[in-house]
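Position in the sequence shown counted from 1, then plus 99, gives you the working numbering.
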Amino acid sequence: MGLVEFLARRFRNRGEPLEDLVQVGTIGLLKAIDRFDLDREVEFSTYATPTIVGELKRHFRDKGWAVRVPRRLQELHLELTEVVGSLGQELGRSPTVAEIAEAAGTDEESVLEGLEVAQAYNSTSLDAPVDTEDGGSSSFADLLGVQDEQLVNLEYRASLAPELAKLPERERTILYLRFYRGLTQSEIADRLGISQMHVSRLLNRTLMRLREAFEEE
């Protein structure tokens, strides 16, 4: 099992197909590959894991917000949701704002602010009319004007694909075995019948080529 799938399986109980989670995790993997420095004395899996997990968490954090709200409030809302659930089970009733604030280590005003954010989860049609300040009307789609994270990720993957396609088959195989299958350079060398030093040189050259391609865009 590859690193991405292994990490994606940790999130499979949240109602998302594993295949979709693997795609999200792969975006994190590609970002980790782009930033990884082979001169560091650290295993790639150790370096990439936080990036992949972070991409998966961001996917769930951003998913479902009908109206874009600050990241700080999104995180506060999710934290308070867990606190409220735990307190409700412990107390056998709905907790008060003061009890939530104490358990979360924050003040009551922040609790109220975080709980009010829940309204942003309500599904609102992007075509729903909205009154504007000049007395006219528009739609949520016209007013939001926010950058779609999925489109950003799609562009990231799309920009990488042509460069990968240009690589010789052996270099593509080395990338796949190293970063997707998690094999060590020595294991790759044994599989391909070349020296570990040769694998290291090819890997360095390939990563440098990919980085240069990104910098040119």
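We put the beta carbon where it would ideally sit given N, CA and C, even for glycine. Owing to the predicted nature of the structure, the values given are computational and were not obtained by experimental measurement.
Contact under 8 Å by Cβ, residue i with residue j
{"i": "residue 306", "j": "residue 137", "result": "yes"}
{"i": "residue 150", "j": "residue 127", "result": "yes"}
{"i": "residue 120", "j": "residue 155", "result": "yes"}
{"i": "residue 203", "j": "residue 178", "result": "yes"}
{"i": "residue 270", "j": "residue 301", "result": "yes"}
{"i": "residue 117", "j": "residue 109", "result": "no"}
{"i": "residue 213", "j": "residue 176", "result": "yes"}
Three-state secondary structure (DSSP) of residue i
{"i": "residue 179", "result": "helix"}
{"i": "residue 135", "result": "coil"}
{"i": "residue 192", "result": "coil"}
{"i": "residue 186", "result": "helix"}
{"i": "residue 289", "result": "helix"}
{"i": "residue 154", "result": "helix"}
{"i": "residue 266", "result": "coil"}
{"i": "residue 311", "result": "helix"}
{"i": "residue 294", "result": "coil"}
{"i": "residue 118", "result": "helix"}
{"i": "residue 141", "result": "coil"}
{"i": "residue 282", "result": "coil"}
Burial state of residue i, where buried means 16 or more other Cβ atoms lie within 10 Å
{"i": "residue 264", "result": "exposed"}
{"i": "residue 124", "result": "buried"}
Assumed close pair residue i, residue j - CB separation to whole angstroms, cut-off 8 Å
{"i": "residue 184", "j": "residue 193", "result": "With 8 Å as the limit, residue 184 and residue 193 do not qualify as a contact, their Cβ atoms being about 11 Å apart."}
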